[in-house]
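Residue numbers (the working numbering): 2 to 72. Right, one structure below, let's go through it.
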């Protein structure tokens with residue numbers, strides 16, 4: 002962690018780019034619309050047995066999440 006922090010402190014332009022990408026990723030994956038669709042998919046799956054649609058990011062399964070580069 003200390004090495005990663007030092008690298009970002011030594012390269013502020015790169016750090017800004019990483020922060021921007023991470024902010025965009027979080028804003029997309031955790032927007033109100035995305036979260037609502039994700040919860041609807043979970044309920045739909047539980048009620049119907051149909052698989053969760055691929056139309057929204059899989060925010061419910063942290064095992065499939067790949068952190069943004071530089072995280």
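The C-beta atom is built at its ideal place from N, Cα and C for all residues, glycine as well.
Could you tell me the distance, in whole angstroms, from the CA atom of residue i to the CA atom of residue j?
i: residue 33; j: residue 15; result: 29 Å
i: residue 40; j: residue 10; result: 38 Å
i: residue 1; j: residue 47; result: Because residue 1 is not part of the residues shown, which for the chain are 2 to 72, the question remains open.
i: residue 50; j: residue 23; result: 34 Å
i: residue 8; j: residue 31; result: 28 Å
i: residue 25; j: residue 45; result: 28 Å
i: residue 53; j: residue 43; result: 7 Å
So residue i and residue j are in contact, right, with Cβ under 8 Å, and what is the actual spacing, rounded?
i: residue 21; j: residue 29; result: At roughly 13 Å, the Cβ-Cβ gap does not stay under 8 Å, so residue 21 and residue 29 are not in contact.
Go to residue i, then tell me how far its alpha helix (DSSP H) extends in each direction, as first and last residue.
i: residue 53; result: Note, residue 53: premise wrong, no alpha helix (DSSP H); not H, not E.
i: residue 9; result: 3–11
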